[in-house]
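Novice: Next up is a structure, given as structure tokens.
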Amino acid sequence: MKIKTAILAAALAVPAFAGVNTTVPAADKYDGIEPVSAKRLSGALQVGYATNYTGRGYVVSHSVAQGDSVINTGLKLNYDFGKEKLWSASVTLAYNIPTSGHTLYGNPYASTQMTAMGALPLLQQMNPNATYDDAVAYVKAKGIKKHIKQLNIENEFAVITAMHYMPKSELWNVSFGHDYIHGGLIGVMVKHYGKNGASSQNEFFIHPEWTPYKWLSIGVKTSYSASGICGWWFEPTITMKAPIVGTPEDIKVAGVLTLGMSAAAKYFDNGHYACDNGAQAFYVKFQTPWFAKKNLIVTPGVAFHWAGPGALAANECSEFREYSGNYHNHPFRNFGVVGSLSVTYTF
390 MKIKTAILAA ALAVPAFAGV NTTVPAADKY DGIEPVSAKR LSGALQVGYA
440 TNYTGRGYVV SHSVAQGDSV INTGLKLNYD FGKEKLWSAS VTLAYNIPTS
490 GHTLYGNPYA STQMTAMGAL PLLQQMNPNA TYDDAVAYVK AKGIKKHIKQ
540 LNIENEFAVI TAMHYMPKSE LWNVSFGHDY IHGGLIGVMV KHYGKNGASS
590 QNEFFIHPEW TPYKWLSIGV KTSYSASGIC GWWFEPTITM KAPIVGTPED
640 IKVAGVLTLG MSAAAKYFDN GHYACDNGAQ AFYVKFQTPW FAKKNLIVTP
690 GVAFHWAGPG ALAANECSEF REYSGNYHNH PFRNFGVVGS LSVTYTF
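Under this note's numbering, residue 736 is the last one in the sequence shown; the count climbs by one each step, no gaps.
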């Protein structure tokens with residue numbers, strides 16, 4: 390049962406890594422992989438697909454990413470320091486690839502009104518009596534179009550190093566370590582909204598988890614970003630799991646239900662960071678890992694995401710919506726349904 394439960398955790402980790410990360414950070418998406426082996430050194434390799442680009446509970450809008458779906462990959466190595474599995478160490482490499490455009494909002498044109506505002510001073514040099522209405526007419530007559538500043542979304546790459554402790558009682562466990570995140574939604578915030586030269590973030594985290602029953606775990610990951618944009622992220626989750634086909638000792642297909650959210654504190658203190666602090670997103674995720682072979686797990690899933698007050702604030706103050714004159718140019722979906730499929734090989 391212990392082995393099946395832990396392999397189950399391995400099956401669930403990468404599908405959760407949906408997205409343009411502002412976002413369960415790149416690290417959390419893979420932090421659940423707990424490969425099990427009689428060997429001291431073990432690992433898991435995973436490839437997945439999701440119908441939407443997500444992260445930290447947000448579902449990124451179609452207008453932002455120029456598309457929806459994403460491919461993700463992850464490799465995790467785990468080293469057990471002792472037979473009782475009191476202490477272990479892990480390193481995870483994760484890569485997240487949107488399957489379509491890499492330019493925010495498709496680099497849209499500014500609205501006629503915004504373009505006219507920019508053209509008015511030039512027009513007044515030629516005619517001091519020129520008005521704003523004259524500038525609008527001038528822009529329309531000349532067919533003048535102006536691109537809004539081009540900003541990019543880079544593929545997301547993460548390196549997660551962690552130490553794990555589980556007492557013999559197995560009623561609780563704790564992980565702590567460091568996340569390095571480059572690109573993705575976090576990278577957009579760091580580089581374009583935080584006015585930094587690179588789209589990189591360094592975070593330190595601690596993730597305690599209470600497991601009063603084999604089928605129930607309650608945890609919260611607390612992260613502090615020490616570079617890029619500095620501040621706190623909190624990501625509590627409740628996970629319930631049970632066999633659908635098979636027995637607890639010999640699971641063929643399992644059902645896993647996860648309730649989660651994300652919240653930020655001291656992170657969006659400046660207006661150009663886009664969102665507000667507080668609750669960012671809420672989600673319900675259901676997955677059915679199929680243990681196809683001893684070391685092969687196929688995991689389909691579906692998740693329902695709701696934007697929190699922080700994400701809704703970002704939608705309301707979207708600069709691109711104002712500049713382009715297009716109401717649909719907002720960063721996050723108020724509600725999104727995300728399908729996922731992953732294949733995990735443990736060794």
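All C-beta atoms in this analysis are idealised placements derived from N, C-alpha and C, irrespective of residue type, glycine included.
1) Give me the Cβ distance between MET555 and ALA478, rounded to the nearest whole Å; I'm assuming they're in contact under 8 Å.
2) Per DSSP, TYR468 is paired with what?
3) Can you tell me whether DSSP reads ASN562 as helix, strand or coil?
4) Specify, as a first and last residue, the run of the alpha helix (DSSP H) that LYS580 falls within.
5) From which residue to which residue does the beta strand (DSSP E) around MET629 run?
6) So, for PRO698: in the same chain, excluding its five sequence neighbours on each side, which residues have a beta-carbon less than 7 Å away from its beta-carbon?
7) Is the beta carbon of LEU730 less than 9 Å from the beta carbon of PRO689?
8) Give the range of the beta strand (DSSP E) segment to which THR611 is assigned.
9) Compute the beta-carbon to beta-carbon distance between VAL459 and ALA439, rounded to the nearest angstrom, for a pair I have assumed lies under 8 Å.
10) Find out if the Cβ-Cβ distance for the pair LEU475, LEU430 is shorter than 9 Å.
11) Take VAL525 and list the residues in its own chain whose beta-carbon comes closer than 8 Å to its own, dropping the five residues that flank it on each side.
12) Please tell me whether SER367 and TYR569 are closer than 9 Å, where the distance is taken between their beta carbons.
13) With a threshold of 7 Å on Cβ separation, who are the neighbours of GLN455 within its own chain once the five nearest residues in sequence on each side are excluded?
14) Does GLN513 come out as helix, strand or coil in the three-state DSSP assignment?
15) Quick one: is ASP658 buried, meaning 16 or more other Cβ sit within 10 Å of its Cβ, or exposed?
16) Kindly indicate which three-state DSSP category MET650 falls into: helix, strand or coil?
17) How would you call TYR716, buried or exposed, if buried means at least 16 neighbouring beta carbons within 10 angstroms?
18) Rounded to a whole number of angstroms, what is the C-alpha to C-alpha distance between ILE633 and GLY644?
19) Can you tell me whether VAL449 is buried or exposed, with buried defined as 16 or more other CB within 10 angstroms of its CB?
20) Starting from PHE721, follow its DSSP beta bridges and name the residues at the other end.
Specialist: The answer reads as follows:
1) The pair is not a contact, with the Cβ atoms about 13 Å apart (cut-off 8 Å).
2) LEU430 and ALA478
3) strand
4) Looking at the DSSP string, LYS580 is not in any alpha helix (DSSP H), and its letter there is neither H nor E.
5) 620-636
6) ASP665, GLY667 and ALA668
7) yes
8) 605-614
9) 5 Å
10) no
11) THR501, GLN502 and ALA505
12) The displayed coordinates of the chain run from 390 to 736. Any statement about residue 367 would go beyond what the structure contains.
13) SER489, GLY490, THR492 and GLY495
14) helix
15) exposed
16) strand
17) exposed
18) 6 Å
19) buried
20) VAL449
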